[in-house]
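A short worksheet on the structure shown next.
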Amino acid sequence: MTFQAEDEIAAITSSIGAAYAGALAITTTSGPGMALKTEAMGLAVAVEIPLVICDIQRGGPSTGLPTKTEQADLLQALFGRNSEAPIPVLAASTPADCFWVAIEASRIAVKYMVPVIILSDGYLANGAEPWRIPELSQIPDFPVKFASDPNGFLPYKRDPLTLARPWAVPGTPGLEHRIGGLEKQDPTGNINYEPLNHENMVRIRAAKVAAVAQEIPNVLPAGDLEGDLLIVAWGSTCGSITAALKTQRAKGRKIGHLHLRYLNPLPSNLGDIFKRYKKILVPELNMGQLLWVLRAKFLVDAVGLNKIQGRPFKQAELEQKIEEMLEL
Amino acid sequence: MGTATLPPPLTKKDFQTDQEVRWCPGCGDYAILSAVQAVFPELGIKKENFVIVSGIGCSSRFPYYMNTYGFHTIHGRAPAVATGLKAIRPDLEVWVATGDGDALSIGGNHTIHMLRRNVGIKVLLFNNKIYGLTKGQYSPTSELNKKAKSTPFGSLDRPFNPVSLAIGSEATFVARSVDVFQGHLKDTLKHAAAHRGSAYVEILQNCNIFNDGAWFSLTDRDARSEHVLQLEHGKPMVFGKNRDKGIRRKPDGDIEVVQLGNGITESDLIVHDAHHPRPAYAFQLSHMEHRPDFPTPMGVFRAWGDVPRYEDVMNQQIKDVIAKRGRGDLGKLLRAGDTWEVK
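Chains as they are written, first to last, in the numbering used here: chain U, 4 to 331; chain Y, 22 to 364.
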C-alpha cells in the first residue's frame, strides 16, 4: 500500500497509525523533511512502535543542494529529537546494499519495537551497479507475533531479551489499552510523572536500542587487519575508499578499511579494532560527524577528511590524505 | 439445538476506565465524555473495534478515559495517525477527539486533507474558543478582539468558523451540538456514527476556567430559543421562543430571517435538506450566525453519503490490481527489467 500524504509530518504520523494497526510501515524523506518528522519520531520512540524512516541525504542547511549528495544528517539521525530519544541508525554503503539494509532495518524495527533510521544519500540514490539477484531463500524471514492473550497482558510488559513491548493491535478482544506520548508507567502503560519511573523508562528505551548490538556481527576491516592506518567510514563513500585502499596497499602500505553499516548502536568490537592501528582516518562528506562520534565514544585521536561540495570523494583526494598521514 | 450464548450487551460502564479524570471540575468535557460513553454501547460495535485517537490539549486526554483502544498522539496530528490506521484497518471504528487549537491551528492541514479524502473517521471537535491546557491564550476560533494572555490588547485575526471550514473542505458529514444539550449531543453522535465517511462534529464546549460563558447566549435557558436554530432534515427552519421566526430564501439566492404571521407561514420557509448534494447550501447555513439577527444553527448541516471512503477505494484498488495482475511476486520483481546472467 502506498500513501502520498499532505506533508512530511502526515507521512510519518500516518505511518505510525499504520504501524499501530499492525503494518510494517516505512516513510521516506530527505534532510528538511527529516527535520519535520522529528517530533513524530519521538512519539514512535515513546509508544515503542516499529517504523522505518529513510533519509536520503542531500546538501543543506535548509533546502540547500536538493539534488546533490552529502552525509551531514548523521548527527541529526542520532540525536535530532527532543530529550532522550535513541533510535537505531543504519547506513547503506552501495546501491545494492540499500536492498539489504532496508530488510535489516525492518527486522530490527519489528523485533525490538523501535523506529529505525536508514541513511542513504543522493549519490547512492542516483547510483547504479551490477547486482547479483538474490535467491528468495537468502532473504531472512522475520516472523512477527501480535499479542492476543488477555491473560496477564500489559502494554509495556517486556521481552527479557529484546526489551520489546508487545505489539497489540486494535481490534484484538480483551487487549484494549491506551498509548501515547506522555510518559508511561512501566509496565502498565498508564500515564506516570514519578521521577524514578521516568528515569527508569528513559534507561529502558536506551537499553533497548543498545540491545540491538547483541545481534550486530563483529566487524572485520578490509585490507590489513592491523597496521599503520585504519580508514573508518560509512555510506556512499565505500566505493572510492575501496579503490584508494587497493592502490595504496599495492604500494606496500599497511591499511585497513572499516565501513560501518550500524551507526547506532555501533558494533561491539569497534574499540578493539581501533587499537590495532597507529592512525585512524575518517573521510566523510560533512564537517566530521562520525569523527565526532568516534572521538567522543572511544577517546581516539582520529583525523577527518571532509568534503562538503555536494560531490563524492575522488579516489585521488583520499589517496593524497592517506599519503599525507603516513608520511608524517 | 444449543442455545447460542450471546455476549451480554455493552453498557456505559464498559467504556469507563479506572484512570482519574484530570479535567477541571465543571468542565464541559465531562458532559461530552458521558455522552460518548452512553452512545458507544448503542452502536452495536464490539468494544475492541473502537479506537480513539487524539492530539494535544484538554480534549485530547479523552482516550485515557475510554476503555477502548486509544492513542494520545502529538499536537494536531490525530487525523493523520487515524488516516494511517484506517487505511490498514477499514473495519475499525475510529474516532478523533480534538479541540479548536489542536484541530484548527497546528492540525488545520491534516483536518482539511482528512475531510477531502473522506476517510471514515468521526471527529469530535471540542470548541471552547480558548487554549485551556496552556492557561488561556486565544485560539483560532476566539472572537475578534479577544483579550487573553497572549493578546492583552485584543486579538487581531478573524476566527475560523469550524463548520464553514469543514464544509469548505467538502466534508461529507458536518454537524454541531453543545456539551450541555445531552439529548441533542447523543442524537448528533449517533447520526455521525451512522455516516460512513468523515463525520465532523463541532461540539460547543464551555471552559469554565479560562473562557467561562463563551457560549452562554446559545445555552442560557431563557435566551437560547431566540438564538438557536435547530436544523432537522425535512423540517422548515423555524426558531424563536414562540417559534414565530424562520429562514426564507430570497429571490437572489440569499437567505433572510422572517417573522411568521401576516401572510407568512411555515410553507414559505426553507425546508432543511441535510442530503443536499451541493456544499454551498450547507455553507450558507453555516454563515448565518455571523449576520445580525440570524440564529446559530445546530444539528446536522450536511450528510452526503454519495462519496466513497478513502480507505475503501484504497483497498479496492489493491484488490483490483491483484485480480488483474495476480499477487505480487518478489522473485519475479527482482528479475524484472534489465537483468542478465554472468556465466
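Just so you know, even glycine gets a beta-carbon here, dropped at the ideal spot from N, CA and C.
Computed from a prediction, not measured in an experiment: that's the story for all the values here.
Going straight from the alpha carbon of residue i to that of residue j, what length do you get?
| i | j | result |
| --- | --- | --- |
| residue 152 (chain U) | residue 176 (chain U) | 9 Å |
| residue 210 (chain U) | residue 339 (chain Y) | 40 Å |
| residue 174 (chain Y) | residue 290 (chain U) | 48 Å |
| residue 236 (chain U) | residue 299 (chain U) | 16 Å |
| residue 309 (chain Y) | residue 127 (chain Y) | 27 Å |
| residue 349 (chain Y) | residue 57 (chain U) | 23 Å |
| residue 157 (chain Y) | residue 227 (chain Y) | 13 Å |
| residue 148 (chain Y) | residue 43 (chain U) | 25 Å |
| residue 287 (chain U) | residue 309 (chain U) | 5 Å |
| residue 133 (chain U) | residue 114 (chain Y) | 48 Å |
| residue 218 (chain Y) | residue 186 (chain Y) | 17 Å |
| residue 47 (chain Y) | residue 230 (chain Y) | 9 Å |
| residue 30 (chain Y) | residue 61 (chain Y) | 11 Å |
| residue 127 (chain U) | residue 121 (chain U) | 12 Å |
| residue 197 (chain U) | residue 235 (chain Y) | 36 Å |
| residue 214 (chain Y) | residue 116 (chain Y) | 9 Å |
| residue 85 (chain Y) | residue 292 (chain Y) | 41 Å |
| residue 176 (chain Y) | residue 182 (chain Y) | 16 Å |
| residue 18 (chain U) | residue 41 (chain Y) | 31 Å |
| residue 244 (chain Y) | residue 212 (chain Y) | 27 Å |
Mind reading off the beta-carbon distance from residue i to residue j? Whole number of angstroms is fine, and I expect it under 8 Å.
| i | j | result |
| --- | --- | --- |
| residue 168 (chain Y) | residue 232 (chain Y) | Not a contact, Cβ separation roughly 11 Å. |
| residue 109 (chain Y) | residue 24 (chain U) | 4 Å |
| residue 268 (chain U) | residue 207 (chain U) | That pair is no contact at about 15 Å. |
| residue 3 (chain Y) | residue 321 (chain Y) | Beyond the ends of chain Y as shown, which are 22 and 364, falls residue 3 (chain Y); an answer cannot be given. |
| residue 73 (chain U) | residue 130 (chain Y) | With a Cβ gap of about 29 Å, residue 73 (chain U) and residue 130 (chain Y) do not count as contacting. |
| residue 61 (chain U) | residue 96 (chain U) | Not confirmed; about 18 Å, so no contact. |
| residue 269 (chain Y) | residue 294 (chain Y) | Not really, about 15 Å apart at Cβ, beyond 8 Å. |
| residue 323 (chain Y) | residue 194 (chain Y) | 6 Å |
| residue 188 (chain Y) | residue 304 (chain Y) | 5 Å |
| residue 313 (chain U) | residue 71 (chain U) | 3 Å |
| residue 75 (chain U) | residue 264 (chain U) | Rounded, the Cβ-Cβ distance is 19 Å, inconsistent with contact. |
| residue 282 (chain U) | residue 328 (chain U) | 6 Å |
| residue 51 (chain U) | residue 135 (chain U) | That belief does not hold up - the Cβ atoms of residue 51 (chain U) and residue 135 (chain U) are roughly 36 Å apart, past 8 Å. |
| residue 277 (chain U) | residue 306 (chain U) | Residue 277 (chain U) to residue 306 (chain U), Cβ: 13 Å. No contact. |
| residue 54 (chain U) | residue 266 (chain U) | Not quite, the Cβ-Cβ distance comes to about 17 Å (not below 8 Å), so this is no contact. |
| residue 111 (chain Y) | residue 333 (chain Y) | 6 Å |
| residue 172 (chain U) | residue 149 (chain U) | 5 Å |
| residue 196 (chain Y) | residue 209 (chain Y) | 5 Å |
What residues match up with residue i in a beta bridge as DSSP calls it?
| i | result |
| --- | --- |
| residue 90 (chain Y) | Y:72 |
| residue 116 (chain Y) | Y:73 and Y:143 |
| residue 57 (chain U) | U:31 and U:121 |
| residue 170 (chain U) | U:149 |
| residue 68 (chain U) | U:62 |
| residue 236 (chain U) | U:262 |
| residue 93 (chain U) | U:121 and U:265 |
| residue 221 (chain Y) | Y:144 and Y:195 |
| residue 37 (chain Y) | Y:87 |
| residue 267 (chain Y) | Y:259 and Y:279 |
| residue 172 (chain Y) | Y:169 |
| residue 51 (chain U) | The partner list for residue 51 (chain U) (beta bridge, DSSP) is empty, contrary to what the question assumes. |
Segment contact flag, the stretch 222-234 of chain U with the stretch 192-202 of chain U, C-beta cutoff 8 Å, min 3 pairs: No, because fewer than three Cβ pairs between the stretch 222-234 of chain U and the stretch 192-202 of chain U fall closer than 8 Å, the two stretches do not touch.
Any residues in the stretch 12-27 of chain U with a beta carbon nearer than 9 Å to a beta carbon of chain Y? Which ones, in chain order? 12, 13, 14, 15, 16, 17, 18, 19, 20, 21, 22, 23, 24, 25 and 26
Can you pull out the residues from the stretch 25-55 of chain Y whose beta carbon lies closer than 8 Å to at least one beta carbon of chain U? 38 and 40
Contact the stretch 307-316 of chain Y vs the stretch 245-263 of chain Y: 3+ CB pairs below 8 Å: Taking a cut-off of 8 Å for Cβ pairs, the stretch 307-316 of chain Y and the stretch 245-263 of chain Y touch, as three or more such pairs fall below it.
Residues of the stretch 117-148 of chain Y with a CB closer than 7 Å to any CB of chain U: list them in chain order, please. 130, 131 and 134
Output needed in chain order: residues of the stretch 32-54 of chain U with a Cβ under 7 Å from some Cβ in chain Y. 42, 43 and 46
Scan the stretch 80-100 of chain Y for residues whose Cβ lies nearer than 7 Å to a Cβ of chain U and list them as they occur along the chain. 84, 85, 88, 89, 90, 91, 92, 93, 94, 95 and 98
Contact list for the stretch 156-176 of chain U against chain Y, Cβ threshold 7 Å: Going along the stretch 156-176 of chain U in chain order, one finds 173, 174, 175 and 176 with a Cβ nearer than 7 Å to chain Y.
Which residues, in order along the stretch 214-242 of chain Y, keep a beta-carbon less than 7 Å from a beta-carbon of chain U? none
Touch test, the stretch 52-72 of chain Y against the stretch 25-36 of chain Y, Cβ-Cβ under 8 Å, three pairs minimum: yes
Would you list, in chain order, the members of the stretch 157-186 of chain Y that have their beta-carbon closer than 9 Å to a beta-carbon of chain U? none
Selection of the stretch 242-263 of chain U by Cβ proximity to chain Y, strictly under 8 Å: For the stretch 242-263 of chain U, there are no residues whose beta carbon sits under 8 Å from a beta carbon of chain Y.
Would you call the stretch 10-17 of chain U and the stretch 92-99 of chain Y in contact, with 3 or more CB pairs under 8 Å? Taking 8 Å as the limit for Cβ pairs, the verdict is that the stretch 92-99 of chain Y does touch the stretch 10-17 of chain U.
Select from the stretch 191-209 of chain U all residues with a C-beta closer than 8 Å to any C-beta belonging to chain Y, and list them in chain order. 193 and 194
Does the stretch 34-42 of chain U come within contact of the stretch 113-124 of chain Y, defined as at least 3 CB pairs closer than 8 Å? no
Members of the stretch 64-75 of chain Y that neighbour chain U once the beta carbon cut-off is set at 9 Å: Per Cβ criterion, the list reads 67, 68, 69, 70, 71, 72, 73, 74 and 75.
Answer yes if the stretch 199-219 of chain Y comes into contact with the stretch 232-244 of chain Y, meaning at least three C-beta pairs across the two stretches below 8 Å, and no otherwise. yes
Segment contact, 8 Å Cβ cut-off, at least three pairs: the stretch 99-112 of chain U with the stretch 307-323 of chain U: no
Beta carbons nearer than 7 Å to chain U: which residues of the stretch 336-357 of chain Y have them? Cβ contacts with chain U come from 339, 351, 352, 355 and 356.
Residues in the stretch 270-298 of chain U with C-beta within 9 Å of chain Y's C-beta atoms, listed in sequence order? none
Cβ-based contacts, 7 Å cut-off: residues of the stretch 79-110 of chain U near chain Y: Per Cβ criterion, the list is empty.
Going along the chain, which residues of the stretch 102-114 of chain Y sit with their C-beta nearer than 9 Å to a C-beta in chain U? 102, 103, 104, 105, 106, 107, 108, 109, 110, 112 and 113
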